[in-house]
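Here the structure is laid out as structure tokens; the discussion comes afterwards.
In our numbering, the protein residues as written are 39 to 557.
This is the structure:
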């Protein structure tokens with residue numbers, strides 16, 4: 039890999055990550071404030087309804103799964119070559135596919151609406167709340183299919199930071215307006231829904247302005263006929279394969295609130311949702327650090343240096359392992375006191391439930407590097423795996439959910455992740471992509487796991503000497519969090535730096551980048 043090309047790719051990735059982290063932190067702060075305000079004024083029943091309606095709509099969105107990823111992979115080469123004609127054709131093909139997805143979602147929604155009285159039978163709110171919530175969320179989703187799809191250009195060209203600025207910031211402003219409306223205006227939930235729809239339109243306009251500013255040639259219309267569809271057969275093939283793959287993951291992640299509601303209540307969905315705001319915010323921060331490296335990894339893979347590929351994989355996987363372990367430690371010992379301080383003791387989940395949620399957070403976030411390399415290689419032929427993933431989760435969720443309620447549903451997802459994501463996926467990547475023995479991955483994984491587990495146990499022991507009373511205030515909580523997290527972060531870093539070359543390579547890369555920027 040040429041040094042200049044590697045530097046440029048790393049520089050773009052860092053810029054995207056920096057902007058994404060800032061935007062995500064702003065979103066996190068606004069999200070916590072809004073959650074508190076909405077619970078106090080609207081109540082947990084409405085929040086549980088909104089979470090459930092979102093999950094239902096996400097299931098209807100499964101028809102999209104794979105299209106944007108397949109398009110992004112196909113765009114890498116024409117963007118590099120500056121082939122504007124091919125770029126317009128590929129993006130137009132995405133628009134053609136998205137319109138059909140949108141029609142499917144509209145039809146499925148019309149079929150589903152008559153069943154809402156049965157789906158929300160346990161809801162104590164007026165039924166129009168369910169219809170209105172779903173309708174507004176549906177409208178926002180359809181804008182993505184009819185208008186926003188061209189943002190794939192920014193993502194494929196490693197300009198994710200422009201998506202963050204033009205779209206995510208608008209969403210943050212939306213939440214601020216919603217907080218004000220809920221606090222100051224009559225019929226607060228009605229205004230919440232109105233602002234949700236209005237800002238969906240504003241965000242779509244802002245996003246398209248950003249796309250056309252950088253790619254004015256995208257304004258030219260391109261007709262999608264049979265000849266054009268036949269010109270890019272790989273897109274259709276990869277869309278079909280990725281659809282099946284994402285379906286398995288979606289079935290597990292998006293059906294969780296539905297299964298929780300089925301075996302508990304909307305109130306429990308809302309309490310679970312409070313914790314998921316914390317977990318998802320951290321997950322988004324972790325994703326922001328890795329969001330733009332797929333194109334760089336794909337470029338490196340094209341060079342064919344297997345030793346370099348594994349070296350970079352080792353570096354990324356070790357770095358990810360460090361960050362995920364650190365976040366898991368913080369969530370285990372800080373989420374309970376934080377929720378008590380934020381919302382009150384009645385919203386704190388029990389110990390076993392929290393352990394399960396932290397374990398799922400660890401598993402879900404550690405898979406990212408393997409997924410990035412699978413996407414960069416474009417190997418999606420193991421379509422049996424996501425089918426097995428979905429079947430395992432649904433069966434286990436039904437059985438264990440009946441026995442253990444919320445904990446049983448979480449256990450079901452853990453079983454599915456271990457069997458498919460942590461055993462099969464790495465084996466598939468190494469044997470069908472990297473051309474190496476899968477044992478090299480599992481040796482790395484268990485080595486990192488052993489070191490991290492030892493440090494985790496030490497950190498757990500040390501927390502026994504530092505206690506915090508959450509109701510004593512924000513400053514004592516922040517001091518407690520700073521002490522235990524900083525001590526754990528330093529010990530874990532030293533342990534991994536001393537034991538694993540991937541961590542040492544990562545540190546060396548950061549120093550080289552810093553020196554080059556100063557020069």
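Glycine is no exception: its CB is placed at the ideal position from the N, C-alpha and C atoms.
Reduced DSSP secondary structure (H/G/I, E/B, other) of residue i
i: residue 302; result: coil
i: residue 42; result: With a pLDDT of 49 at residue 42, under the threshold of 50, the predicted position of this residue should be treated as unreliable, though the coordinate-derived value follows. Helix.
i: residue 126; result: helix
i: residue 270; result: coil
i: residue 57; result: helix
i: residue 227; result: helix
i: residue 116; result: helix
i: residue 260; result: coil
i: residue 80; result: coil
i: residue 140; result: helix
i: residue 159; result: coil
i: residue 177; result: helix
i: residue 185; result: coil
i: residue 502; result: coil
i: residue 196; result: coil
i: residue 474; result: coil
i: residue 538; result: coil
i: residue 465; result: helix
i: residue 511; result: coil
i: residue 167; result: helix
i: residue 623; result: Residue coverage of the chain in this structure runs from 39 to 557, which leaves residue 623 outside it and unanswerable.
i: residue 342; result: coil
i: residue 121; result: coil
i: residue 310; result: helix
i: residue 592; result: In the structure as shown, the chain starts at 39 and stops at 557, and residue 592 therefore has no counterpart that could be examined.
C-beta atoms of residue i and residue j nearer than 9 Å
i: residue 288; j: residue 450; result: no
i: residue 202; j: residue 68; result: no
i: residue 525; j: residue 500; result: yes
i: residue 391; j: residue 445; result: yes
i: residue 93; j: residue 294; result: yes
i: residue 433; j: residue 457; result: no
i: residue 241; j: residue 209; result: yes
i: residue 380; j: residue 53; result: no
i: residue 280; j: residue 425; result: no
i: residue 385; j: residue 312; result: yes
i: residue 301; j: residue 497; result: no
i: residue 417; j: residue 467; result: yes
i: residue 246; j: residue 186; result: yes
i: residue 404; j: residue 359; result: yes
i: residue 126; j: residue 221; result: no
i: residue 105; j: residue 61; result: no
i: residue 235; j: residue 205; result: no
i: residue 184; j: residue 137; result: yes
i: residue 435; j: residue 396; result: no
i: residue 484; j: residue 464; result: no
i: residue 256; j: residue 320; result: no
i: residue 55; j: residue 355; result: no
i: residue 129; j: residue 190; result: yes
i: residue 282; j: residue 421; result: yes
**OP:** Pick out the complete alpha helix (DSSP H) segments inside the segment 361-425, 4 residues or longer, and give them in chain order.
**Re:** 389-404 and 406-415
**OP:** Would you check if the segment 176-195 and the segment 105-115 touch, i.e. whether three or more CB-CB distances between them fall below 8 Å?
**Re:** yes
Subject >> Stretch-stretch touch, CB-based, cutoff 8 Å, three pairs: the segment 203-223 with the segment 155-165 >> reply: no
Original post:
Do three or more CB pairs link the segment 485-499 to the segment 534-550 at distances below 8 Å?
Top reply: yes
Subject >> Inter-stretch contact at 8 Å, needing at least 3 Cβ pairs: the segment 302-322 / the segment 85-95 >> reply: yes
Subject >> the segment 351-359 contacting the segment 407-415, beta-carbon criterion three pairs below 8 Å >> reply: yes
Original post:
Can we say the segment 225-234 touches the segment 248-266, given the rule of at least three CB pairs closer than 8 Å?
Top reply: no
Original post:
Can we say the segment 254-271 touches the segment 143-150, given the rule of at least three CB pairs closer than 8 Å?
Top reply: no
Subject >> Residue ranges of each alpha helix (DSSP H) within the segment 429-455, 4 or longer >> reply: 444-454
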